[in-house]
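Peer 1:
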Amino acid sequence: LCTYLTAQMHEIGHNLNLAHSNEDGDYKDKSGMMGFSYSLDDGPLMCFNAAKSWQLGWYDDTDQVKTMSVNGVSSYTGPLSGIVHYNDSNNPIRNTNPILIKLNQESDSTDYYVTFNSKTSFNSGTAEGGNQVMIVRVGSEGKGYAESELVSKLNAGGAYTIPNFDGRSNTATVEVSSINDVTSASVSICIGECDDKSTPTVSPTPHGCATEIVDFEIDIVTDKYPNEITWTLVNDCNKETVLSGGPYSAANTLHTISASVECEAEYTFTLNDSYGDGICCNYGKGSYEVKRGGFALLSGTSYSSSEEITF
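For the sequence shown, position 108 matches number 108 in my numbering, and the numbering has no gaps at all.
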């Protein structure tokens, strides 16, 4: 147990005064480290849910963290990103979109926290709600030790309504109009009438690269059956396969391939196993990682017949 990554991070979370993350039962919010733990030494890669991220205060030095209430800012329409897009100058995939929004009930210490659970970078292994808008409820004004409850996971076209918000006749509604790969979701959040307190509509941030060309790198560590493994990286704009690999002949071996490709295109990475048993864990310690511009977009150690991500 002591060697399991998620168990270690879970206990570190308790030392940081974080309580459990629940969903219709203890530990059942699997989107972050304060829910279930997994018997893996090096994964899955994920962080903390919206309520825990708010409590930690790690992102408060930017305007990407916002508070909404009946008497304050009561509506927002625009992009919502995840904490992996925190606008730190050392973060290659940073942007300036909001990443955490607190729906504050001024008459109650229980509030709601909203984020986009971007399944990439250090959150690429999130086990629930990947690339969905997540809404979490927690008490203690989001500042103290309190168990959180995952109340909604929204895809494009989804909506969640909180009746009698702030102990009044108001409703709070979160609507998702689209999901923009792993980058952001386009959302509309409204508390009450949403008239003259609204914030301006903002266009979603594009993929955002410093140059028109970016380097991709694919790292595959094969298991005991390398001949079962194949993969492709497809440019979804022109349907061209820009990189591919496998089947392999060398077992338990790192295979790396890289290329320079268009930055602003959308890509789909697909990893296949012809037998359907993936590359971990009873068949060797295989793994996979996709990097763009030297920054990890996707990584993992287990899947069944296939794994796919579009970004």
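Beta carbons: idealized from backbone N, C-alpha and C, even for Gly.
Please read all numbers here as calculations on a predicted model, not as lab measurements.
Measuring only the C-alpha atoms, how far is residue 153 from residue 92?
Peer 2: Going from the Cα of residue 153 to the Cα of residue 92 covers about 27 Å.
Peer 1: Tell me, which residues are paired with residue 262 by DSSP?
Peer 2: Paired residue(s): 213.
Peer 1: What residue from 30, 28, 26 and 56 has the CA that sits closest to residue 12's CA?
Peer 2: Of the listed residues, the one whose Cα sits closest to residue 12 is 56.
Peer 1: Assign residue 52 to one of three DSSP states: helix, strand, or coil.
Peer 2: Note: residue 52 maps to helix in three-state DSSP.
Peer 1: When we look at the beta-carbon of residue 213 and count the other beta-carbons within 10 Å, is it buried (16 or more) or exposed?
Peer 2: Exposed, since its Cβ has fewer than 16 Cβ neighbours within 10 Å.
Peer 1: Comparing C-alpha positions only, which one of 236, 287 and 5 sits nearest to residue 268?
Peer 2: Comparing Cα positions, the closest option is 236.
Peer 1: Reducing DSSP to helix, strand and coil, say where residue 135 ends up.
Peer 2: Reduced to three states, the DSSP call for residue 135 is strand.
Peer 1: Give me the Cα-Cα distance between residue 250 and residue 180, rounded to the nearest whole angstrom.
Peer 2: Approximately 37 Å, taken between the alpha carbons.
Peer 1: Helix, strand or coil: how does DSSP classify residue 36 here?
Peer 2: Of the three classes helix, strand and coil, the one that applies to residue 36 here is coil, per DSSP.
Peer 1: Pairing CB atoms from the region 105-118 with CB atoms from the region 157-170, are three or more of them under 8 Å?
Peer 2: Yes, they touch.
Peer 1: Check whether the region 133-142 and the region 107-118 are in contact - that is, three or more C-beta pairs closer than 8 Å.
Peer 2: Counting Cβ pairs under 8 Å, three or more are found: they touch.
Peer 1: Tell me whether the beta-carbon of residue 221 lies closer than 8 Å to the beta-carbon of residue 286.
Peer 2: Their beta carbons are under 8 Å apart, which means residue 221 touches residue 286 by this criterion.
Peer 1: Have a look at the DSSP bridge pairing and note the partners of residue 251.
Peer 2: Looking at the DSSP assignment, residue 251 forms no beta bridge with any residue, so it has no partner.
Peer 1: Quick check on the DSSP output: the beta strand (DSSP E) that includes residue 7 runs from which residue to which?
Peer 2: Premise fails: residue 7 lies in the alpha helix (DSSP H), 5-15, not in any beta strand (DSSP E).
Peer 1: Exposed or buried, which one is residue 226 when buried takes at least 16 other CB atoms within 10 Å?
Peer 2: The residue is buried, with at least 16 neighbouring Cβ atoms inside 10 Å.
Peer 1: Tell me whether the region 41-50 and the region 67-80 touch, counting them as touching only if at least three CB pairs, one residue from each stretch, are closer than 8 Å.
Peer 2: Not touching, per the Cβ criterion.
Peer 1: If you compare alpha carbons, which of 228, 255 and 32 is closest to residue 123?
Peer 2: Nearest C-alpha to residue 123: 32.
Peer 1: Starting from residue 96, trace the beta strand (DSSP E) both ways and give me its first and last residue.
Peer 2: Here residue 96 belongs to no beta strand (DSSP E), and DSSP marks it neither H nor E.
Peer 1: Looking only at C-alpha atoms, which of 232, 149, 178 and 238 sits nearest to residue 26?
Peer 2: The shortest Cα separation from residue 26 among 232, 149, 178 and 238 belongs to 149.
Peer 1: Quick check: what's the CA-CA separation for residue 120 versus residue 305?
Peer 2: One C-alpha to the other measures close to 21 Å.
Peer 1: Give a yes or no on whether the C-beta atoms belonging to residue 94 and residue 216 are separated by under 8 Å.
Peer 2: Against a cut-off of 8 Å, the Cβ pair of residue 216 and residue 94 comes out as no contact.
Peer 1: Count the other CB atoms, across all protein chains shown, that sit within 10 Å of the CB of residue 259; report buried if there are 16 or more and exposed otherwise.
Peer 2: So residue 259 counts as exposed.
Peer 1: CB-CB under 6 Å to residue 230, same chain, minus the five flanking residues each way: which ones, in chain order?
Peer 2: Within the same chain, residue 230 has close Cβ partners 246, 247 and 272.
Peer 1: List the DSSP bridge partners of residue 116.
Peer 2: In DSSP, residue 116 forms a bridge with 133.
Peer 1: Which word fits residue 3, buried or exposed, when buried means at least 16 other C-beta atoms lie within 10 angstroms of its C-beta?
Peer 2: Looking at its Cβ environment, which holds fewer than 16 other Cβ atoms inside 10 Å, residue 3 is exposed.
Peer 1: Less than 7 Å between C-beta atoms, sequence neighbours within five positions excluded: which residues of the same chain meet that for residue 192?
Peer 2: Only 70, 74 and 170 meet the Cβ criterion.
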